[in-house]
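Asks: Residue numbers (the working numbering): 32 to 297.
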């Protein structure tokens with residue numbers, strides 16, 4: 032069992048980490064990559080439903096991105112690690128985050144089996160809130176209507192929420208990746224509601240990030256680097272292939288987070 036606590040949220044890796052007898056609870060499900068402003072709307076609705084019913088809220092996410100396992104090839108560069116998603120969800124009031132390994136086996140699970148295994152048997156869900164475009168089950172056969180129908184059978188309510196910003200603008204992780212691909216870090220920050228963050232290990236002024244991490248297009252960018260409790264603003268240069276190096280300033284080694292400031296590239 033691997034259980035961690037991130038900003039008040041428990042972090043479960045796989046169904047075996049969920050405590051026996053857990054529940055009832057409110058659940059929200061999705062990839063939530065980047066936890067952008069549309070995701071925040073869905074999560075806040077789930078937390079509100081949970082509080083209204085006196086239930087803890089659980090966020091269910093997937094790793095790797097489902098599109099890396101099924102579907103036509105497309106840009107799935109990671110906007111956030113599962114740990115970062117859990118941190119942001121915890122700040123919004125989520126009590127626990129369940130990370131499901133997205134495998135070919137999970138992709139082939141029919142909607143009814145997914146609901147029974149995850150929502151009913153593992154979590155004892157009494158309320159499920161998802162994005163209005165949510166799809167699940169083999170070949171995306173299930174949608175919000177399917178979820179509501181299965182909820183009637185298994186004893187939970189199901190609702191879909193449009194992924195909109197407070198201004199009513201639709202948000203998507205694809206929009207964030209498109210902004211980053213053109214070096215528009217300010218546009219990415221507008222969709223996210225915060226600067227885009229990259230996490231990695233700094234050594235000799237070069238930041239090593241996990242493969243598949245979303246980084247801006249080549250260019251020079253103002254950033255804020257955080258290591259432990261220290262935060263410093265510097266500039267970095269993103270090279271071809273996503274290599275990131277400091278363009279001056281302190282270059283101590285260690286694990287850091289790097290926020291691309293919304294003032295944009297310079």
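By construction, the Cβ of each residue, glycine as well, lies at the ideal position given by its N, Cα and C atoms. Here the structure is a predicted model, which is why all the values come from computation and not from measurement.
Can you have a look at residue 32 and say buried or exposed, based on whether 16 or more other CB atoms are within 10 angstroms of its CB?
Replies: Stepping through the chain shown from its first residue, residue 32 is reached at position 1. Note that residue 32 scores a pLDDT of 47, beneath 50, so its modelled location is shaky; the value from the coordinates is reported in the next line. Per the 10 Å Cβ criterion, exposed.
Asks: Does the Cβ of residue 170 have 16 or more other Cβ atoms within 10 Å, making it buried, or fewer, making it exposed?
Replies: As a first step, residue 170 is located in the chain shown; it is residue number 139 there, counting from the start. Exposed: under 16 other Cβ atoms inside 10 Å.
Asks: How big is the Cα-Cα spacing for residue 217 and residue 183?
Replies: Residue 217 sits at position 186 when you count from the first residue of the chain shown. Residue 183 sits at position 152 when you count from the first residue of the chain shown. Residue 217 and residue 183: Cα-Cα distance of roughly 44 Å.
Asks: Among all the DSSP beta bridges, which residues are the ones paired with residue 157?
Replies: Here residue 157 refers to the residue found at position 126 of the chain shown. Partner(s): none; residue 157 has no beta bridge.
Asks: For residue 153 and residue 194, what's the separation of their Cα atoms in angstroms?
Replies: Translated into the one-based positions of the chain shown, residue 153 becomes position 122. Translated into the one-based positions of the chain shown, residue 194 becomes position 163. Cα-Cα distance, rounded: 27 Å.
Asks: Could you tell me the boundaries of the alpha helix (DSSP H) in which residue 113 lies?
Replies: In the chain shown, residue 113 corresponds to position 82, counting from 1. Per DSSP, residue 113 belongs to the alpha helix (DSSP H) from 113-122.
Asks: Find the nearest neighbour of residue 225 within the set 143, 68, 55, judged by alpha-carbon distance.
Replies: For the purposes of this step, residue 225 is taken as the residue at position 194 of the chain shown. Closest option to residue 225, Cα to Cα, is 68.
Asks: Between the C-alpha atoms of residue 241 and residue 231, what's the straight-line distance to the nearest angstrom?
Replies: Locating residue 241 in the chain shown gives position 210, counting from the first residue. Locating residue 231 in the chain shown gives position 200, counting from the first residue. Taking the straight line from one Cα to the other gives about 7 Å.
Asks: Between the beta-carbon of residue 287 and the beta-carbon of residue 258, is there less than 8 Å?
Replies: To locate residue 287, count along the chain shown from 1; it is residue 256. To locate residue 258, count along the chain shown from 1; it is residue 227. Yes, they are a contact pair.
Asks: Would you grab the beta carbon distance between residue 293 and residue 220 for me? Rounded to a whole angstrom, and I think it's under 8 Å.
Replies: To locate residue 293, count along the chain shown from 1; it is residue 262. To locate residue 220, count along the chain shown from 1; it is residue 189. About 4 Å separates the two Cβ atoms, so the contact holds.
Asks: Please work out which residues of its chain come closer than 7 Å, Cβ to Cβ, to residue 295, disregarding the five sequence neighbours upstream and downstream, and give them in chain order.
Replies: Translated into positions along the chain shown, residue 295 becomes position 264. Only weak support exists for where residue 295 lies, its pLDDT of 47 falling under 50; the value from the coordinates is given anyway. Excluding residues within five positions, the ones whose Cβ falls inside 7 Å are 216, 217.
Asks: Check for me: the beta strand (DSSP E) holding residue 44 runs from which residue to which?
Replies: Position 13 of the chain shown holds residue 44. Its beta strand (DSSP E) spans residues 40-44.
Asks: Using C-beta distances below 6 Å, list every residue in its chain close to residue 237, excluding the 5 sequence neighbours before and after it, in chain order.
Replies: Locating residue 237 in the chain shown gives position 206, where the first residue counts as 1. Cβ within range, chain order: 276.
Asks: What residues match up with residue 291 in a beta bridge as DSSP calls it?
Replies: Within the chain shown, residue 291 is the residue found at index 260, counting from 1. The partner list for residue 291 (beta bridge, DSSP) reads 227, 254.
Asks: Quick check on the DSSP output: the beta strand (DSSP E) that includes residue 186 runs from which residue to which?
Replies: Here residue 186 refers to the residue found at position 155 when the chain shown is read from its first residue. Looking at the DSSP string, residue 186 is not in any beta strand (DSSP E), and its letter there is neither H nor E.
Asks: Here's a check: name, in chain order, each residue in its chain whose Cβ is nearer than 8 Å to the Cβ of residue 155, leaving out the five neighbours to either side.
Replies: To locate residue 155, count along the chain shown from 1; it is residue 124. Excluding residues within five positions, the ones whose Cβ falls inside 8 Å are 53, 54, 55, 56.
Asks: I want to know whether the segment 78-92 touches the segment 118-132 - three or more CB-CB distances under 8 Å.
Replies: Touching, per the Cβ criterion.
Asks: Given a cut-off of 8 Å on the beta-carbon distance, is the pair residue 248 and residue 205 in contact?
Replies: Along the chain shown, read from residue 1 onward, the residue named residue 248 stands at position 217. Along the chain shown, read from residue 1 onward, the residue named residue 205 stands at position 174. No. Outside cutoff.
Asks: Please classify residue 82 as buried or exposed, where buried requires at least 16 neighbouring CB atoms within 10 angstroms.
Replies: Here residue 82 refers to the residue found at position 51 of the chain shown. Flag for residue 82 reads exposed.
Asks: Go to residue 73, then tell me how far its alpha helix (DSSP H) extends in each direction, as first and last residue.
Replies: Stepping through the chain shown from its first residue, residue 73 is reached at position 42. Here the alpha helix (DSSP H) through residue 73 covers 68-84.
Asks: Exposed or buried, which one is residue 202 when buried takes at least 16 other CB atoms within 10 Å?
Replies: In the chain shown, the residue the question calls residue 202 occupies position 171. Buried, because 16 or more other Cβ atoms sit within 10 Å of the Cβ of residue 202.
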